[in-house]
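Residues 1 to 773 in the UniProt record's numbering are what the sequence shown spells out, letter by letter.
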Amino acid sequence: MPRSTNIVLIEGKALIQSIWRSGIDWDDVILEKDEVAWKRYMENLRMLQGLRIARCFSYCNTEGELHTFTDASEKAYACAVYWRQKTDESTYRVTLLAGKARVTPLRPVSIPGLELQAALLGTRMAQAIANELDIAVGRRTYWTDSSTVLTWIKTDPRTFKPFVAHRLAEIEESTKPQEWRWVPGSQNPADDATREAPADFDHTHRWFNGPEFLTWDESRWPKPRTFKQEPSGEEKEAYLVATARTAEAQPTPDPHRFSSWVRLLRATARVLQFIELCRPRKESACVSRQLEQQDPTWRTTRTKQPRSTWKLRTPEAPKEAWLLLDRIHLKEAEKILLRSSQGESFGEKDPERHPKLRRLDVVMEDGLLRLRGRIDAAQYIDAGCKRPIVLDGKHVIARLLIKHYHEAFQHGNHATVINEVRQRYWILGLRSILRATAVRCQWCKVYRSTPRLPPTGNLPIERLRHGEPPFTCAAVDYFGPMTVTVGRRHEKRWGVLFTCLTTRAVHRELAASLTADSMLLALRRMAARRGTPKVIYSDNGTNFVGANKELKQAIENAREADVVSRAAQMNIKWKFIPPGAPNMGGAWERLVRSVKTALAVTLKERHPREEVLHTLLLEAEHVVKTRPLVAREESWESEALTPNHFLIGRSCGAPSIGDYTDEDLTGKRTWRVAQRMADHFWSRWVKEYLPTLLPRKIDGRAAGEDLQCGDTVLIVDSTLPRNTWPRGQVVHTYPGPDNRVRTVDVRTSGGLLKRPASKMILLVPASSDEPRP
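This is the structure:
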């Protein structure tokens with residue numbers, strides 16, 4: 001049954017609870033009075049058969065009001081939530097949204113406690129309804145006839161015992177005290193759910209239509225009443241405890257609000273100076289004299305009050321006379337700060353026996369703990385150096401001192417800073433605190449930090465796909481330029497190197513320019529001789545990016561039947577490494593170096609003809625293709641495996657494996673020979689070359705957490721001085737297959753950059769003020 005019929009159903013729940021309290025067993029006959037009550041309850045259920053409840057509660061999209069009524073009795077506590085909406089200038093429509101009633105708990109609870117339970121029940125229901133409504137709720141009002149509950153709601157929950165305090169705290173989170181109003185019990189519809197069900201319960205009952213005063217103007221609603229607060233027994237007993245402090249309070253500013261020892265010292269000195277100004281004239285004569293020296297128009301006059309000070313000025317007098325901080329104020333401020341640090345670290349009473357000082361010989365001198373060492377007899381040494389002041393390195397004042405010395409000595413090495421600090425102070429744990437200070441120092445981060453390299457990742461699948469034709473997965477890179485002689489002029493040419501990522505074979509082409517068109521022509525020449533690759537890796541050169549865009553455009557435009565086959569042949573997946581990450585392209589960068597080395601040996605002319613350069617490049621390509629893939633021992637009998645074995649079946653001029661006659665060149669036998677040779681080379685590739693790719697290089701800096709979005713970083717740029725490296729914030733990360741971040745997007749003042757994580761220096765982590773390890 002719907003919750004709107006709780007006014008009838010709660011009677012059955014209360015009857016079951018009453019039978020349970022009587023202590024009879026489940027198969028015993030119930031008492032006669034309970035049987036009579038049960039029959040009356042069944043009669044009330046029959047009248048629900050003809051009950052019809054309107055589901056629509058709003059006939060317009062204007063905002064409405066939520067009115068929640070709560071009440072409780074010894075039998076039950078309940079709430080009812082109504083929707084009040086204005087239909088015209090003077091008419092309001094009130095509809096029941098939901099109602100709920102619960103029986104009182106078996107453990108006895110006072111009536112004010114039950115009224116508070118009802119208020120909490122109404123608060124929860126009103127909040128749930130407001131979250132579900134699509135119509136704007138203009139105002140919420142909560143009604144109760146309990147003066148005690150209204151008084152509790154307007155009082156601090158912390159003054160009550162836990163039962164009341166917890167419920168008041170939850171009510172306070174969802175409602176405001178001014179939203180609660182008093183209603184007479186005779187006009188409270190929630191009261192109907194806490195008593196016996198009425199005989200005339202139908203759709204016209206007050207339970208469904210709310211109290212009559214809600215249809216009136218607000219000026220005719222029940223007036224708020226003033227209640228006299230009386231003890232309810234739920235208040236906590238409060239005790240006033242006063243402590244007397246005999247020690248003199250020191251005028252020390254909060255050191256946690258300062259980031260500099262000098263600022264903290266000067267602020268403390270200013271406080272002392274102000275206190276001196278506030279004292280009688282005799283005690284502040286030195287200050288007055290200092291003011292008169294700065295401004296001759298300064299005059300002080302003593303009256304019957306503690307002191308009054310006037311400043312007589314002439315038109316030529318300055319507007320302000322600043323009090324200079326002298327050495328006396330600064331020394332006194334330093335003593336106060338150091339004494340405060342020692343008191344908080346080692347205790348005010350008997351600090352010499354503190355556990356942290358049990359292995360040191362300390363003595364109290366002039367209110368400060370000093371270390372008594374073995375150099376008291378040394379001559380021409382300052383007394384502060386003989387007996388330095390003892391401080392706890394974990395205290396904030398000691399940290400500010402260490403930071404001051406670290407910056408004062410130009411962020412020098414730790415030994416220099418420690419030596420200077422110990423001229424006056426003996427700080428416990430100085431070395432570790434100094435290291436932590438250097439780690440947090442932004443200057444040291446910018447000028448000394450190094451990128452934390454992520455661990456070496458797994459090889460891409462393109463490097464390990466054996467059994468496929470060479471150049472199925474390839475990489476391309478440019479090298480040059482090289483000057484050639486064409487007629488009587490000199491022109492530039494660039495070498496285009498294609499390498500097979502699996503067999504490490506190379507293919508060389510010559511490009512006339514760095515444009516995307518020249519790159520596409522070189523790709524077409526390579527595909528005509530070696531086959532069209534499925535995947536091509538390259539860096540982010542503008543020519544490669546342009547070529548990739550044109551390939552994508554060609555594939556997207558391949559709609560007609562006459563170009564479908566060509567589009568299928570050129571369906572190449574192009575992958576780019578991040579800008580500024582040549583280490584990610586080491587597979588082809590190393591071969592570029594090998595080609596350059598072979599070309600440097602054979603190229604003797606400064607400006608060769610183009611056909612000479614073309615020939616020398618092919619010879620350099622041949623040298624690279626004949627290099628062994630695996631280092632061989634001299635005792636090995638078999639020939640070293642080279643990329644040429646996968647291209648032409650042999651290394652260089654060596655005969656093919658086995659001797660074959662003309663009969664072997666017939667159909668199936670020829671195919672079997674070729675297949676056997678390919679299987680032989682791939683078997684050696686798996687057994688000899690693949691294990692060499694297994695070891696993973698471990699870098700000493702490859703530690704710590706990955707970069708996260710929001711981290712402030714310094715971008716390493718080898719083309720700029722270190723103090724001009726750009727700063728930025730990480731806005732996106734690219735986790736690899738092992739969930740380690742090796743590429744990030746960084747937002748800088750110049751725009752969005754995509755860079756490798758190995759070129760990032762972490763300055764400020766996003767998740768914490770402390771740097772991540």
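Don't be surprised by glycine CBs; every beta carbon is placed ideally from N, CA and C.
- Rounded to whole angstroms, the gap between the alpha carbons of A101 and H256 is 54 angstroms.
- Under the three-state reduction of DSSP output, F274 falls in the helix class.
- In the displayed model, C444 falls within a helix according to three-state DSSP.
- The beta carbon of V421 is closer than 6 angstroms to those of Y405 in its chain, skipping five residues each way along the sequence.
- Segment contact: the region 467–480 against the region 445–453, fewer than three CB-CB distances shorter than 8 angstroms; contact not assigned.
- Taken atom to atom, the span from the alpha-carbon of L368 to that of Y380 is near 23 angstroms.
- Here the alpha carbons of L264 and I418 stand approximately 22 angstroms from one another.
- Contact check for I375 and R399: beta-carbon distance about 27 angstroms, past the 8 angstroms limit, so the pair fails to qualify.
- Around the Cβ of S758, a 10 Å sphere holds 16 or more other Cβ atoms; the residue is buried.
- The C-beta of H645 has 16 or more other C-beta atoms within 10 Å across all chains shown, which makes the residue buried.
- When T252, M519 and L391 are compared, the shortest CA-CA separation from K356 is found for L391.
- Here the alpha carbons of A333 and K386 stand approximately 22 angstroms from one another.
- A distance below 6 angstroms between beta-carbons, with the five flanking residues on each side excluded, links N413 to no residue of its chain.
- Under the three-state reduction of DSSP, K573 is assigned to strand.
- Counting the other CB atoms within 10 Å of its CB gives V81 a total of 16 or more, which places it among the buried residues.
- For I336, the uninterrupted alpha helix (DSSP H) segment begins and ends at R327 to F346.
- Taking all protein chains in view, the Cβ of R93 is crowded by 16 or more other Cβ atoms within 10 Å, so the residue is classified as buried.
- For T416, the enclosing alpha helix (DSSP H) covers residues H414 to V421.
- Residue burial is scored here from C-beta neighbours: I53 has fewer than 16 other C-beta atoms within 10 angstroms and is therefore classed as exposed.
- For Y734, the closest alpha carbon among the candidates C278, Q17 and P454 is that of P454.
- Between D145 and P177, the gap from beta carbon to beta carbon reaches 8 angstroms or more.
- Rounded to whole angstroms, the Cβ separation of H395 and E344 is 6 angstroms, and the two are in contact under 8 angstroms.
- Secondary structure note for T141: its beta strand (DSSP E) is the uninterrupted segment V137 to T144.
- Unbroken beta strand (DSSP E) runs of no fewer than 3 residues, entirely contained in the region 470–528, are found at 473–486, 489–500 and 506–511, following chain order.
- In the DSSP assignment, P112 falls within the alpha helix (DSSP H) that extends over I111 to E132.
- Bounds of any beta strand (DSSP E) do not take in F163; it lies within the alpha helix (DSSP H) bounded by P162 to S174.
- Proximity of the region 605–619 to the region 518–529 falls short of the contact definition, fewer than three beta-carbon pairs being nearer than 8 angstroms.
- Selection A587, C79 and R747 evaluated against L501 yields A587 as nearest (Cα-Cα).
- C-alpha of E462 to C-alpha of T712: approximately 34 angstroms in a straight line.
- With a threshold of 16 other beta carbon atoms within 10 Å, K403 meets it and is buried.
- Distance from the CA of A119 to the CA of D134, rounded to the nearest whole angstrom, comes to 25 angstroms.
- Contact annotation: S518 and F576 have beta-carbon atoms that are not nearer than 8 angstroms.
- A direct Cα-to-Cα measurement between Q342 and S259 gives close to 20 angstroms.
- It is roughly 35 angstroms from the alpha-carbon of F69 to the alpha-carbon of E32.
- In the structure shown, E365 adopts extended strand secondary structure according to DSSP, grouped into three states.
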